[in-house]
Ligand SMILES: Cc1cc2nc3c(=O)[nH]c(=O)nc-3n(C[C@H](O)[C@H](O)[C@H](O)COP(=O)(O)O)c2cc1C
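In this note's numbering, the protein residues as written are 236 to 373.
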């Protein structure tokens with residue numbers, strides 16, 4: 236298998252749940268960006284995060300800023316937000332400036348107060364893990 240790593244940033248633990256489920260499926264560790272992980276070389280990096288007021292958490296932006304192009308071959312975003320149209324655009328912009336390839340962005344239904352309450356649920360997480368596994372095998 237390729238060298239696959241998983242990082243996540245979370246405020247209300249949805250991204251952590253997704254990250255841990257994917258980590259289990261891949262038999263790797265998921266790292267919280269808050270602990271400032273040092274990744275080394277990566278073939279495929281999953282960046283998992285939510286959207287808050289239209290953007291990503293500052294800790295995630297700071298982490299992504301520290302990535303080096305020569306260390307990261309490709310990136311996939313797993314994004315949980317209430318609105319499916321909202322993606323990790325701020326993270327994408329930083330990576331584009333670094334010329335790090337963002338191969339895909341998969342969405343997982345999130346929630347905010349009563350909006351989409353209960354999501355992501357088990358089915359949402361199972362689906363995004365299955366879709367992610369297909370990308371790993373690609
Ligand atoms: C303070 C706050 C602001 C949010 N703002 C947005 C938003 O602008 N757009 C959106 O689609 N979802 C928004 N959401 C929903 C989150 O993106 C969604 O629940 C996500 O799953 C949270 O991930 P986390 O639990 O890993 O922090 C917001 C949630 C919170 C708590």
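No residue lacks a Cβ here, since even glycine has one placed at the ideal position from N, Cα and C.
Note to self: I'd like the list of long-range same chain contacts for residue 361, defined as Cβ closer than 8 Å, with 5 residues on each side in sequence excluded.
What the structure shows: If we look at residue 361 and ignore the five residues flanking it on each side, its Cβ neighbours are 256.
Note to self: Can you tell me where the beta strand (DSSP E) holding residue 265 begins and where it ends?
What the structure shows: Annotation for residue 265: the continuous beta strand (DSSP E) segment containing it runs 265-267.
Margin query: Less than 8 Å between C-beta atoms, sequence neighbours within five positions excluded: which residues of the same chain meet that for residue 331?
Written below: When the five nearest sequence neighbours on each side are left out, the beta carbons in the same chain lying within less than 8 Å of the beta carbon of residue 331 are those of 337, in order along the chain.
Notebook entry, point to check: How would you label residue 280, buried or exposed, when you count the other beta carbons within 10 angstroms and need 16 or more for buried?
Noted result: Here residue 280 is buried: its Cβ has 16 or more other Cβ atoms, across all protein chains shown, within 10 Å.
Notebook entry, point to check: In the structure shown, what three-state DSSP assignment does residue 295 receive?
Noted result: The answer is helix: DSSP assigns residue 295 an H, G or I state.
Next item on the list: Look up residue 301 in the DSSP assignment and say whether it is helix, strand or coil.
Entry: DSSP, reduced to helix, strand and coil, places residue 301 outside both helices and strands of the structure shown, so it counts as coil.
Item checked: Reduced DSSP category for residue 395 - H, G, I as helix; E, B as strand; rest coil -> Past the edges of the chain, shown from 236 to 373, lies residue 395, and the structure says nothing about it.
Check: Could you give the C-beta distance for residue 298 and residue 242, rounded to a whole number, given that I count them as a contact under 8 Å?
Finding: With 8 Å as the limit, residue 298 and residue 242 qualify as a contact, their Cβ atoms being about 7 Å apart.
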